[in-house]
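Before any comments, here is the structure.
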Amino acid sequence: MSMKSLQKFRGNIGWAICLMLSIITLTGYSQQSVTGRITSSEDGQGIPGVSVAIKGTNKGTTSDASGNYKIAVSNKAILTFSAVGFVGQEVEVGTKTVIDLKLASDVQSLGEVVVVGYGTQKKSQLTGAISQVSSKQIAEMPITNLGQAMQGRVAGVDVSQSGSKPGTVPKILIRGRRSFNAGNDPLYVVDGIPLSAGYEDLNPNDVASMEILKDATSTAIYGARGANGVVLISTKRGAEKGKTTVSYDNYVGVTNALDKIKLFSGAEFAEFIRESRRGVVSGSLYKDINGNPVPSGQIDAYADSKLFEAVELDGIAKGRTTDYQSMILRQGFQQNHSLGVQGGNDKTQFYISGNYFQDKGISEGLDFTRTSLRVNIDHNINKSLKVGVSTYLMYSLRNGENLNPYSFTIQQNPLGKAYDDAGNIIFAPTNDALLTNPLAEIVPGAQVDEAKKYRIFNSLYAEVKILDGLKYRVNFGPDFTIQRNGRFIGAQTNARKGGDPQASTTSQYGFNWTLENILSYNKTYNKVHNLAVTALHSIQKDNFEGSNISVQGIPAESQQFYSVGNASSVLGVGSILSQWTINSYMARVNYDYNDKYLFTLTLRRDGSSRFGENTKYGNFPGIAFGWNISNEPFMKGMTGIDLLKLRASYGSVGNQGVSPYQTQGLLGRTIYAWNSAAAYGYRPSTIGNPDLKWESSATKNIGVDFSFLKGRIQGSLELYETNTTDLLLSDQLPGSIGFSAVTRNVGETRNRGIELGITTVNANTASGFKWTTDFTFSKNTEAIISLYNGAKDDLGNKWFIGQPLSAFFDYKKAGIWQTNEADLAKSYGSRVGQIKVQDTNGDGKINADDRVLLGSDIPDFSAGITNRFTYKGFDLSFFFFGRFGQMIVSGFHQNNNALAGRYQQIKVDYWTPNNPTNEFPQPNKDQEFPVNNTAIMYFDGTFIKLRNINFGYTFTPQVAKKMGMESLRLFSSIQQPFIWSTYRSKYNGVDPETSGTAVNNGITPATSVITLGLNVKF
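Residue numbers for the sequence shown follow this note's numbering, so the first one is 99 and each next one is one higher.
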């Protein structure tokens, strides 16, 4: 071979090697073009704008107007397909060059099954007003009870909590108040069994979902017990398929006072004392050595020496401000640990969980601990018979329910000394015997307030399939509760002030059981006629026993309340037995035609032992209609509307929430003097009403359920009116009759409202970023329609026709009498610097006729909004809640603004000649309280709270698997970091949120909790 030929061969060999290497490379990472069309699984139409991305990279494309796409990928790539309103998918490419895909709608509301009374239904088939809180929402922020999970998240449900004491239970109202005396609390049903009380005993981690039944058609199936709405609580169950999983949920956190109450400094308090001596009616008592009054704003050493005691003068000289608030407050601590095991097979399913929760308050002696165990088991004996049991065991310990050492700190003289030079607590920091040192209240053993509670709650059932579609089920739910409260007050406390120690114990035993027999029939005829019939017989029996004793003169304080028999005297002893029974029958028919026309009819007959012989039973019907407009043929061509459903319902429910034995006259013991000895006898103490009957509430409800743009916007709108008649009311009797009152059926109230709940998907990008928003709006108005004698007000109880059940009727503050109004003030019997109230009738004098309706504790509206952001494994959420337009009574301001120049108080803007304010009057040591001081206790209670910020990260399954876990999420949460409220910012108030009408002076400060936690599953 010639040299030239050799060179040419070598060149060809080089090209061949390069070609082979290229082939090898392309074999390992061959590039190919993949095309396809993405369509909807519902109508086969192409879906535009679908994100088609190569997993693990930032490369991708989107589908065109017809749903077509094209992308270059390697054969080892995984393509992800995602679009707003559709369930995403992942597909391995392999050797495929054409990948056509059908995406299913992600409109959860269409097919989501919710729990209703004695059964389940698809959301699209509901005819009643029912809202749901999912386990995901419950787990979204650390909560101590289930009430907190509903606040601001369910339209029409008002959840309010007073103070920050550990173990405090929120007040829950569904669509407002209807009754004066019969109670307004909703019914709680756990796994089909009604609770007589104590939903707060449940472990939130055990809950799978909560459904809130709001209209009468939905609640009528529970009859009398559902008069104020129903909260259905479903706990987690086992799984028929899949491996057994172990989950551990934990968080720990610290609690701090959001801020301290603003009080006077030592120097400001001293000037407040001086001004109180200048403001007396007889003339200034703050005088110099020559007997001349010292003007406002000036200080005289001689006058101070006569006014203040030595420790106060020392405090003034040294600029001392003893901050008792900081001494009492501490950093609280929360921890929650839940361990769950879930699994099963086609025969047996189980869920077992244990929980430990602890909340140590921000003041010594205030804490709450709850320990619980749950076992849920379902077993299929054969194809026709299924049995199950749910057992819940709970123990709780609450300390300090009736204690609040913090309340004493806001009265304490800041010029005094809390400790002596040796570091010992000074029991009386000043010469004022009523103002003992609040630090003495938290000395270990000084006082004890302990409540222990044991509870066993069971739900047992057996279910038999009789025929195709026909089932019989029996439920039995025994609920046993033991509670013991012990109280001890030592000598060195403010309550005893060196007197003999006192102790008391209270024991309570409750046993409640429910037995239900349920027959249900579900059948579909010709694929379009869906029929569900339910029949029920139910018996509920409640037994309550209690006893108590209080004593004085415990020989050794270390005995506390454990040895009351050794006390020197018995202050009181008592016992009680209370029993009641409900016997009920119920029938319900649900029918829908082709998921378009919906119909529900219910009838319940309840009999209660609390009513008279001829009035024990009441009948409570309900009827509802629904129209799924979106399922009509004429809607098929309209894009963007996934669901549009109209609902209308009318129903009646009863209320029996009065104490038993109101139909019977009771006897009470009385003491007579017989010569020089006491003789005991019995006389009628109450008058019975054998004609007492059911309080009845009838509700009309119109609702619209909607979903637009493939679930991008979905929600519900409700309008309702409830009329409650035959109110169970305590009617005052003339004194000449010999009885103070009798319970009768009188009067009528009305509730009207509007509710809106919306969920939106604001963004859902190909890169994995998603932003959703939940918004709720509620407006409820109450009105008294009639009372005892028709349309006539009851001034004594402050009940007014046309006004809410709780209205504020008092003098209206018009300001403070100013210097240039001296003569006018005098004509009204007042003077400059004092509270000026409105002369409503203009008669030139102030008396009871000048009182006016000031407002109500019912808000104009309330709203909640949650924004959630997710990006790959990260999640961030913000939850805001607000209540707007309600008025609050700040007993905190009325009592702690005595302005008598004796106690420390809230730092307020009070009147002086040099400070002519219109907010608060001039201090006056001759008045225990300012004249017309009730006029200064009403405030706008509007507030907005940033209730929770939650930030978390969920590890990918691959990373979690490497760590031996199925899933792992870490999170951090900040609860209530901000409160926006004029009551707080302008008037130095505490938390304006209250479960009653008043914010009192015994309340604890608002708190904020910072937590760290994890959710792990194996």
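Every residue, glycine too, gets a C-beta built ideally from N, C-alpha and C.
How long is the line joining the alpha carbons of residue i and residue j, rounded to whole angstroms?
{"i": "T123", "j": "G250", "result": "In this prediction, T123 scores a pLDDT of 39, lower than 50, which makes its location untrustworthy; no coordinate-derived value is stated."}
{"i": "W869", "j": "D313", "result": "32 Å"}
{"i": "T700", "j": "G866", "result": "47 Å"}
{"i": "K621", "j": "L629", "result": "5 Å"}
{"i": "V987", "j": "V950", "result": "15 Å"}
{"i": "V687", "j": "D829", "result": "40 Å"}
{"i": "R594", "j": "G940", "result": "49 Å"}
{"i": "L765", "j": "S838", "result": "14 Å"}
{"i": "D598", "j": "D519", "result": "28 Å"}
{"i": "I674", "j": "R981", "result": "40 Å"}
{"i": "S1083", "j": "G254", "result": "29 Å"}
{"i": "V231", "j": "V329", "result": "10 Å"}
{"i": "Q932", "j": "Y886", "result": "39 Å"}
{"i": "L405", "j": "G596", "result": "27 Å"}
{"i": "G486", "j": "N610", "result": "20 Å"}
{"i": "G752", "j": "T879", "result": "21 Å"}
{"i": "S482", "j": "L568", "result": "11 Å"}
{"i": "Y517", "j": "F578", "result": "48 Å"}
{"i": "I785", "j": "I835", "result": "10 Å"}
{"i": "I176", "j": "N166", "result": "18 Å"}
{"i": "G813", "j": "T858", "result": "9 Å"}
{"i": "N169", "j": "S149", "result": "The sequence given here has Ile at residue 169, not Asn. Whole-angstrom Cα-Cα distance: 11 Å."}
{"i": "G672", "j": "N511", "result": "40 Å"}
{"i": "H635", "j": "I136", "result": "53 Å"}
{"i": "R372", "j": "F455", "result": "50 Å"}
{"i": "Q697", "j": "G724", "result": "According to the sequence provided, residue 697 is Phe. The question's Gln does not apply to it. Each residue's alpha carbon lies about 6 Å from the other."}
{"i": "L361", "j": "F367", "result": "9 Å"}
{"i": "N478", "j": "K484", "result": "4 Å"}
{"i": "N787", "j": "I963", "result": "48 Å"}
Inspect the beta-carbon positions of residue i and residue j and report whether they are closer than 7 Å.
{"i": "I944", "j": "V930", "result": "no"}
{"i": "A861", "j": "A151", "result": "no"}
{"i": "Y909", "j": "A1033", "result": "yes"}
{"i": "R781", "j": "N821", "result": "no"}
{"i": "S332", "j": "A306", "result": "yes"}
{"i": "F718", "j": "S682", "result": "no"}
{"i": "D398", "j": "D386", "result": "yes"}
{"i": "V392", "j": "Y384", "result": "yes"}
{"i": "A796", "j": "T225", "result": "no"}
{"i": "F979", "j": "K877", "result": "no"}
{"i": "D947", "j": "R553", "result": "no"}
{"i": "N1086", "j": "I956", "result": "no"}
{"i": "G290", "j": "N573", "result": "yes"}
Since residue i contacts residue j with CB under 8 Å, what's their CB separation in whole angstroms?
{"i": "I359", "j": "Q423", "result": "7 Å"}
{"i": "E369", "j": "T528", "result": "Their Cβ separation, rounded to whole angstroms, is 17 Å, which puts E369 and T528 out of contact at 8 Å."}
{"i": "G441", "j": "G463", "result": "Not quite, the Cβ-Cβ distance comes to about 43 Å (not below 8 Å), so this is no contact."}
{"i": "N556", "j": "S488", "result": "7 Å"}
{"i": "G261", "j": "I1101", "result": "5 Å"}
{"i": "E309", "j": "V171", "result": "Actually they are not in contact, since the Cβ atoms of E309 and V171 sit about 46 Å apart, beyond 8 Å."}
Under the DSSP definition of a beta bridge, which residues are partnered with residue i?
{"i": "Y422", "result": "For Y422, which the question treats as bridged, DSSP gives no partner whatsoever."}
{"i": "E548", "result": "N497, G584"}
{"i": "I414", "result": "Paired residue(s): none; I414 is not in a bridge."}
{"i": "E188", "result": "T178"}
{"i": "R848", "result": "N821, A881"}
{"i": "R745", "result": "G724, G801"}
{"i": "I460", "result": "I460 is not bridged to any residue."}
{"i": "A560", "result": "V485, V572"}
Using 8 Å as the Cβ pair cut-off and three pairs as the minimum, do the stretch 729-745 and the stretch 794-805 touch?
-> Yes, since at least three Cβ pairs between the stretch 729-745 and the stretch 794-805 fall closer than 8 Å, the two stretches touch.
Cβ pair count under 8 Å reaching 3, the stretch 678-686 against the stretch 647-665 | Segments in contact, no.
At least three beta-carbon pairs within less than 8 Å, the stretch 430-441 to the stretch 270-289 | No, the stretch 430-441 does not touch the stretch 270-289.
With a cut-off of 8 Å, do at least 3 Cβ pairs link the stretch 1049-1061 to the stretch 1011-1023?
-> Not touching, per the Cβ criterion.
Evaluate the contact criterion for the stretch 542-558 versus the stretch 569-585: three or more CB pairs, one atom per stretch, below 8 Å.
-> Touching, yes.
Per the contact definition of three or more C-beta pairs closer than 8 Å, is the stretch 658-667 in contact with the stretch 598-608?
-> Taking 8 Å as the limit for Cβ pairs, the verdict is that the stretch 658-667 does touch the stretch 598-608.
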